[in-house]
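Trainee: In UniProt numbering, the protein residues as written are 1 to 407.
#1: What are the start and end residues of the beta strand (DSSP E) that includes residue 340?
#2: First and last residue of the beta strand (DSSP E) that includes residue 291?
#3: Please look up how many angstroms separate the CB atoms of residue 336 and residue 291, rounded, as I've assumed it's under 8 Å.
#4: Could you tell me which of 168, 145, 143 and 248 sits nearest to residue 155, measuring between CA atoms?
#5: Which residues does DSSP list as the beta-bridge partners of residue 268?
#6: According to DSSP, is residue 275 helix, strand or coil?
#7: Can you list, in chain order, the residues of its chain whose CB lies under 8 Å from that of residue 277, leaving out five sequence neighbours each side?
#8: Could you pull out every residue in the same chain whose Cβ sits closer than 7 Å to the Cβ of residue 371, ignoring the five residues on either side in sequence?
#9: Around the C-beta of residue 325, are 16 or more other C-beta atoms found within 10 angstroms, so that it is buried, or is it exposed?
#10: Below 8 Å CB to CB, which residues in the same chain sit around residue 284 once its five sequence neighbours on both sides are set aside?
#11: Distance check for residue 56 and residue 132, CA to CA, integer angstroms please.
#12: Taking only the alpha-carbon atoms, compute the straight-line gap between residue 5 and residue 185 and give it to the nearest angstrom.
#13: What do you reckon, are the CB atoms on residue 52 and residue 90 nearer than 8 Å?
#14: Quick check: the segment 311 to 320 against the segment 354 to 362, are there 3 or more CB pairs under 8 Å?
#15: Have a look at residue 225 and residue 341 and give me their C-alpha separation to the nearest angstrom.
#16: Residues in its own chain within less than 6 Å of residue 60 by CB, not counting five upstream and five downstream?
#17: Between the alpha carbons of residue 94 and residue 179, how many angstroms are there, rounded?
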């Protein structure tokens, strides 16, 4: 198709040159040619240097004032105006004027062969330049379109509770990819590239890439699963397997946590979807437990009352739901009490502060009431059949009774 189009363009250019040559052939004398040449040069300079810049500047000003400044025009269109600067348009018009003037002068002075060569070059260059301009316009439209989509998606996300930041990011990336693919196909069509062969090659390449990057593709699919299942969001305090931290980033490939030590833990999304996930901030409150032991001789009910009173009026412990003190175990050296209390806006530092506050308050209250928190201890008892306790040294110092048999 392309060679036939080029041949047709060359034939049309040759016909046009013959017509122009026959018109200019009427001016035979050198003086007339010099006059016409001077007039052509003056006209070209006037159009290129004075008329073209003013026309383009005026058109640009009208475009900005009447179109780009309109409130219904998205900001993305205004932001993309730099892709088509007025200077490029002016230089293109000037080049076209000078090329046309040069072609006319060559014909006027009888350089028909050189003019024909120049016309052939223009017949090839002009369509390619038009295709290049169309391609630039397509990608500029894609840039504007993706920016408009991002603005619309942001406004929808702010007005709706059904989409979070993770979902918003993934939806935007998918839409951006769709727009770029559509623009790429359109650009290939402009350049008359056969898309069928490319699609077949892309299919085989997709199979090869899919087999070589199975885990990455698994993480990619798992990213979409996380987007719809929404087990956590950005800023949540979660535990994934044995690692806990604040969710700082969720991509379509991996999930990043920032733990209490300032470390960043990265999980592939396929592992996240198969792991045990504990979200500690989903309900904006968390119950904590702290175990303490009291002496067996202590009054359990009195100890419970003292501990319960120690859990009131604390900075990090919530009064509703009310804290609880429950006896739980018969330990080796103490009766175990479990202190159960709630905190809001849970996080790792807030959990540590709440436990430290409760520990200090209960320890001071027990000391004030004389409730003993015993050290680990063991009670040793001897059985009667073992003759009580015997020291190893005493057993060794005992005389050995011997029996002498009499014949």
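Think of the CB as a built atom: it goes at the ideal place given N, C-alpha and C, for glycine as much as any other residue.
Mentor: Let me spell this out:
#1: Sequence index remark: in the chain shown, residue 340 carries index 340 (1-based). Segment 335 to 344, the beta strand (DSSP E) holding residue 340.
#2: On the chain shown, residue 291 is found 291 positions in, with the first residue counted as 1. Element bounds for residue 291: 285 to 294.
#3: Sequence index remark: in the chain shown, residue 336 carries index 336 (1-based). Sequence index remark: in the chain shown, residue 291 carries index 291 (1-based). Contact flag correct, Cβ pair sits at about 6 Å.
#4: If you number the chain shown from 1, residue 155 lands on position 155. If we check each option's Cα against that of residue 155, 168 comes out closest.
#5: Locating residue 268 in the chain shown gives position 268, where the first residue counts as 1. Partner(s): 254.
#6: Position 275 of the chain shown, counted from the start, is the residue given in the question as residue 275. It is coil, neither helix nor strand.
#7: Sequence index remark: in the chain shown, residue 277 carries index 277 (1-based). If we look at residue 277 and ignore the five residues flanking it on each side, its Cβ neighbours are 231, 232, 238, 239 and 240.
#8: As a working note, residue 371 is residue 371 in the chain shown. Only 294, 298, 303 and 306 meet the Cβ criterion.
#9: The sequence position of residue 325 within the chain shown is 325, counting from 1. Buried is the call here.
#10: Taking the chain shown and counting its residues from 1, the one referred to as residue 284 is at position 284. So the list reads 344, 345 and 346, once near-sequence residues are dropped.
#11: Numbered from 1 along the chain shown, position 132 holds the residue referred to as residue 132. Numbered from 1 along the chain shown, position 56 holds the residue referred to as residue 56. When rounded, the distance between both Cα atoms is 21 Å.
#12: Here residue 5 corresponds to residue number 5 of the chain shown, with the count starting at 1. Here residue 185 corresponds to residue number 185 of the chain shown, with the count starting at 1. Model confidence at residue 5 stands at a pLDDT of 48, short of 50, so the residue's coordinates are unreliable and nothing is read from them.
#13: Indexing the chain shown from 1 puts residue 52 at position 52. Indexing the chain shown from 1 puts residue 90 at position 90. Yes, the pair counts as a contact, with Cβ atoms nearer than the cut-off.
#14: yes
#15: Mapped onto the chain shown, residue 225 falls at position 225. Mapped onto the chain shown, residue 341 falls at position 341. Going from the Cα of residue 225 to the Cα of residue 341 covers about 35 Å.
#16: For the purposes of this step, residue 60 is taken as residue 60 along the chain shown, with counting starting at 1. 86, listed in sequence order.
#17: On the chain shown, residue 94 is found 94 positions in, with the first residue counted as 1. On the chain shown, residue 179 is found 179 positions in, with the first residue counted as 1. The straight-line gap from Cα to Cα measures roughly 35 Å.
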